[in-house]
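Take a look at the structure set out below.
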Amino acid sequence: MIKAIIIDDEPLARMIVQEYLQTWSQITVVQECGDGFEGIKAIQQHHPDLIFLDIQMPKINGFEMLELVEDPPAVIFTTAFDEYAIRAFENHAVDYLLKPFTKQRFDKAIGKWLDQYTAAQAAAGAQNAADPRVASGTPAAGTSAPAGSSSPSPDDGPTISSGEKTRQLLETAAHSPAQQQRIVVKTGGKIKIIPVEDIHYLEASDDYVKIHTHNGAFLKNKTMNYFEQVLDPTHFVRTHRSYILNVQQVTRIDPYEKDSHLCILQSGAAVPVSKSGYVKLKAVLGL
Amino acid sequence: MARSPLSIGRFLLIFISWWLIWAFLQTILLLGFGLQFGLALSDSIVSNTLVALSCGFVSNNLQYYLPKKERYWYILFLSIGLTILITIACKGILVPLLSRLDPGYTNFFSRSWAVRFDIIFLQVGCMTILSVLWYSSEEEQQQLQRKTDAERLAKEAELFKLRQQLAPHFLFNSLNSISALIVSRPEQARKMIQQLSDFLRSNLKEEEQQSVLLAEELQYLELYLDIEKVRFGHRLSTEIHRDEDSLVMTLPPMLLQPIVENAIKFGLYDTTESVTISIDARSEDNHLVISVTNPFDPDTSRPKQGAGFGLTSIQRRLYLLFARGDLLQTRIDGNIFTAIVRIPQHMTTTPT
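Next up, the structure:
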């Protein structure tokens with residue numbers, strides 16, 4: 040049985056996916072969700088093989104939801120998002136269906152995904168036969184992983200196909216306007232949305248980035264380079280290899296050791312500023 | 382670039398008359414000093430023509446180079462320089478010419494040159510200052526014009542953008558809902574096609590009008606809300622109250638709709654619970670007062686200071702239409718957002 044979840048805030052939009060799926064008896068919809076929060080819970084609970092995902096949804100959008108899911112499943116977007124915007128994601132998602140879509144177009148998307156899925160299953164089966172340590176129930180093994188892609192650790196192997204695709208997709212999605220306005224983090228099982236103006240500064244912390252805000256610090260599994268690219272460069276400056284600060288929070292800049300400075304924020308925090316960071320900071324502040 | 386004042390017929394006429402009057406006065410004056418009529422007339426015509434030409438020259442040149450505030454000494458030097466030139470030219474022309482007729486003229490000129498210098502300096506100076514003022518105000522007006530043009534364009538672009546963000550998304554999702562209804566509930570699908578068509582039709586025709594009746598605007602908004610109700614099912618309910626007097630009042634087109642769209646955007650698209658959007662219209666001291674209320678999710682979207690929630694373009698537009706900044710007010714009670722717009726009613730009422 041192939042498990043699928045439909046995530047869309049409009050009941051009729053979910054209904055049409057259900058209807059089109061009736062001819063695909065091997066696919067069972069295990070749950071329908073009306074927003075991203077429900078979607079995350081359902082994905083964690085059911086571990087579906089495929090999700091149908093709308094992009095514009097309440098609270099958190101489809102991209103933000105995917106960011107918060109560990110091991111995201113294969114995704115088919117169903118969206119009225121404008122075509123030009125979605126084209127950027129063409130190579131990354133399994134497929135995307137522009138609303139309204141026909142049964143033929145829907146069947147094509149499912150057929151394409153099923154081909155990938157069964158090929159991956161067969162490969163996983165072969166691999167399992169050769170390597171008894173791998174659990175036999177693991178779905179979607181990655182034979183179609185792009186050659187030379189920097190696949191992380193061997194443990195991630197089985198989900199590389201959809202996982203890698205989804206990761207790339209999220210890199211692209213990060214440049215959509217909504218993502219530049221806020222950062223979605225998970226803290227103690229709860230989801231928190233941080234508007235970017237609430238950020239004091241970002242600090243590199245091993246594999247994570249620590250986001251310091253009015254309401255404490257949050258960890259996000261991203262790189263400093265990622266945030267340097269995504270955040271508005273007129274408000275956020277990378278003053279140091281390990282620090283990005285919100286210039287609106289700056290109260291003063293003190294000299295510190297040779298060639299370096301310390302930036303004092305309204306919260307009282309002191310953020311290191313390197314020699315090159317000082318040049319960038321001065322440029323943004325118009326000094 | 383500003384037009385020279387002398388290129389305008391009316392001003393040119395004043396300019397020429399001015400010099401005729403001066404020439405006349407100077408002739409009288411010179412006669413009073415005992416000069417013969419012919420000498421007085423020639424003297425006055427030559428010197429006034431020279432001054433008039435110089436003034437024309439100054440006025441024309443300032444068109445191309447207008448000194449900045451801190452460089453007004455330029456005007457002084459220009460005037461003094463020109464006055465010296467004119468006085469020398471007067472002497473060069475008049476003395477050889479008129480001393481042949483009356484040998485006493487050379488003596489007369491050398492006694493009067495200082496007075497001539499003063500008068501010419503005053504004339505040239507006045508003309509220079511007038512020209513500078515003229516061009517400065519022209520430039521200022523042009524700047525103001527550019528500014529208002531830019532603002533108008535920005536406003537139009539802003540409204541266009543606002544509509545573009547919502548309209549295609551709304552349209553395609555509505556079509557998708559119809560597609561979903563066709564098999565299971567064909568009657569409702571047909572009804573929705575009808576509503577969508579009516580909505581699009583009024584959306585297309587509304588552009589040109591200066592003002593619309595509230596009754597029409599509400600009808601149109603009801604269509605829009607009905608479509609959203611089909612899309613979101615039981616999640617959306619609406620309350621529309623209006624008093625009788627308000628129905629015949631008018632409002633600028635495309636003003637209320639963005640406010641309601643905004644309420645839908647934050648109230649419906651960005652929340653997961655059941656929501657009620659209410660519109661309340663009433664007549665109050667010759668103003669049409671409309672309040673639009675929607676819930677919002679404080680976690681995901683917070684109203685900004687001032688107009689809040691992307692309503693700044695509405696506020697701007699109201700300011701441009703009525704020159705008042707207080708016509709749009711917003712209020713937040715807990716998770717309820719209210720936008721209140723007051724539209725002054727002019728004496729000219731209903732559009733035909």
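One line per chain: the protein sequences are A and B, in this order.
The number in our numbering is simply the position in the first sequence, starting from 1, with 39 added.
The number in our numbering is simply the position in the second sequence, starting from 1, with 381 added.
All residues carry an ideal CB built from backbone N, CA and C; glycine is no exception.
Let me confirm a value: residue i is counted as buried when at least 16 other C-beta atoms fall within 10 Å, else exposed. Which label applies?
i         : result
VAL564(B) : exposed
TYR295(A) : exposed
MET40(A)  : exposed
THR657(B) : exposed
LEU649(B) : buried
GLN686(B) : Because GLN686(B) carries a pLDDT of 42, less than 50, the predicted location of this residue cannot be relied on, and the following value inherits that uncertainty. Exposed, because fewer than 16 other Cβ atoms sit within 10 Å of the Cβ of GLN686(B).
ASP293(A) : exposed
SER440(B) : buried
ALA80(A)  : Checking the sequence shown, residue 80(A) turns out to be Lys, not Ala. Classification of LYS80(A): exposed, given that the 10 Å Cβ count is below 16.
THR631(B) : buried
GLU532(B) : exposed
GLN103(A) : Checking the sequence shown, residue 103(A) turns out to be Glu, not Gln. GLU103(A) should be labelled buried.
THR262(A) : exposed
ALA433(B) : buried
TRP454(B) : exposed
ALA397(B) : Looking at the sequence shown, residue 397(B) is not Ala but Ile. That one is exposed.
ASP424(B) : buried
GLY325(A) : exposed
ILE402(B) : exposed
Sorted by chain position, which residues of the same chain lie with C-beta nearer than 6 Å to residue i's C-beta, five sequence neighbours on each side aside?
i         : result
TYR700(B) : GLY706
LEU562(B) : GLN569 and ALA570
PHE703(B) : PRO725
LEU599(B) : none
ARG723(B) : HIS668, VAL670 and LEU708
THR226(A) : PHE257
Since residue i is in the alpha helix (DSSP H), which residue starts that stretch and which ends it?
i         : result
GLN726(B) : Note, GLN726(B): premise wrong, no alpha helix (DSSP H); not H, not E.
ARG698(B) : 693-703
ALA404(B) : 390-413
LYS321(A) : 314-324
THR430(B) : 418-443
LEU457(B) : 454-479
LEU60(A)  : 50-60
Please classify residue i: does DSSP put it in a helix, a strand, or coil?
i         : result
ASN554(B) : helix
LYS297(A) : coil
GLU665(B) : strand
GLY255(A) : strand
GLU109(A) : coil
HIS86(A)  : coil
LYS261(A) : coil
LYS98(A)  : coil
VAL629(B) : coil
SER518(B) : helix
LYS249(A) : strand
ARG497(B) : helix
SER592(B) : coil
Tell me which residue opens and which closes the beta strand (DSSP E) that residue i is part of.
i         : result
ALA243(A) : 238-244
GLU654(B) : Careful: GLU654(B) lies outside any beta strand (DSSP E) and carries neither H nor E.
ILE115(A) : 113-118
ASN285(A) : 282-285
TYR135(A) : 134-137
ARG221(A) : 221-226
ASP714(B) : 709-714
THR278(A) : 275-279
VAL69(A)  : 66-72
ASP43(A)  : Note that residue 43(A) is Ala in the sequence shown here, rather than Asp. 41-46 is the extent of the beta strand (DSSP E) around ALA43(A).
ARG612(B) : Here ARG612(B) belongs to no beta strand (DSSP E); instead the alpha helix (DSSP H) covers 595-613.
For residue i, collect the residues of the same chain with a Cβ closer than 7 Å to its Cβ; drop the 5 residues on either side in sequence, then sort them by chain order.
i         : result
ALA734(B) : Since the first and last residues shown for chain B are 382 and 733, residue 734(B) lies out of range.
GLN638(B) : LEU602
PHE490(B) : LYS472, LEU475 and VAL476
ILE426(B) : ALA404
PRO97(A)  : ASP48 and ASP74
THR290(A) : ILE303, LEU304 and GLN305
ARG221(A) : ILE232, ILE233, PRO234 and VAL235
VAL223(A) : ILE99, GLU103, GLU106, LEU107, ILE230 and ILE232
HIS279(A) : PRO311, VAL312, SER313 and GLY316
Give every residue of the same chain whose Cβ lies closer than 8 Å to the Cβ of residue i, excluding the five residues on either side of it in the sequence, and list them in chain order.
i         : result
GLN287(A) : GLU236 and HIS274
VAL133(A) : LEU89, ALA113, VAL114, ILE115, ALA148, LYS151, TRP152, GLN155, SER201 and LYS204
(request) Please determine if the region 496-505 of chain B and the region 455-464 of chain B are in contact, where contact requires at least 3 C-beta pairs separated by less than 8 Å. (result) yes
(message) Does the contact criterion of 3 or more C-beta pairs under 8 Å hold for the region 383-403 of chain B versus the region 310-317 of chain A?
(response) no
(request) Examine the Cβ distances between the region 86-96 of chain A and the region 593-602 of chain B and report whether three or more of them are shorter than 8 Å. (result) no
(message) If contact is defined by three or more beta carbon pairs under 8 Å, each pair taking one atom from either stretch, is the region 49-63 of chain A in contact with the region 606-615 of chain B?
(response) yes
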